[in-house]
Amino acid sequence: LHNVPLDILLVILGYVDPISLINLAQTCQVLRATIRPTRANLLQRLLALELIPEYGGIVPLIRSRTIQVSPPMSSKDWQSNKYACGGCLKLLPHTRFDNHNILRLDLRKPPSGSKEANRLADW
């Protein structure tokens, strides 16, 4: 990396998704100094990880009129469900959050591939 010109490195980094970008910043001092992730960048990475079933679990469907949750919160699918905590920057089990926060429209997990899910990474 010491031999790669900075302008070429910046072009390459422009094509990297937020999860990989933060991971790259953690590999060496040169990339960390080049990428310089902020707390907001780290939170975006965490939100992106939250949407990957392997890390964040399911994306529940919530019907606003009846406030019916699918699958039900008592199902096994919810046991592995995690949400991003902006305070500690970790993925935490859903039991660590108030249900009102999980069910609020502006805080819900967006479905994978949706416009909202793709909008998370703006840097």
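Numbering follows UniProt numbering, in which position 45 of the sequence shown is assigned residue number 45; successive positions increment by one, without gaps. Cβ coordinates follow ideal geometry from the N, Cα and C atoms, glycine included.
Distance, residue j Cα to residue i Cα
i    : j    : result
R33  : L21  : Note on identity: in this sequence residue 33 is Ala, with Arg being the wrong assignment. Approximately 12 Å between the Cα atoms of the pair.
L94  : V4   : Residue 94 is actually His in this sequence, not Leu. Their Cα atoms are separated by approximately 43 Å.
R45  : K109 : 14 Å
Y83  : G14  : 27 Å
K115 : F97  : 25 Å
According to DSSP, residues forming a beta bridge with residue i
i   : result
P93 : K82
V69 : I62
Close beta carbons around residue i, own chain, < 8 Å, minus the five adjacent residues each side
i   : result
L42 : I22 and L89
L51 : V59, K109, P110, S112, A117 and L120
V16 : L24
N99 : M73
I67 : L103
Closest Cα partner of residue i within the set the options
i   : options               : result
E54 : R39, T38 and S80      : S80
L31 : R96, A40, L10 and S75 : L10
R39 : C28, R65, Q29 and P18 : P18
Same chain, Cβ closer than 6 Å to residue i, neighbours up to 5 away in sequence not counted
i    : result
L107 : N101
Rounded distance between the beta-carbons of residue j and residue i, thought under 8 Å
i    : j   : result
L49  : G56 : 6 Å
L103 : I62 : 6 Å
Close-in-space but distant-in-sequence residues of the same chain around residue i (CB under 7 Å, 5 per side omitted)
i   : result
V69 : P60 and I62
D77 : I58 and P71
G87 : none
I35 : L13, L21, L24 and A25
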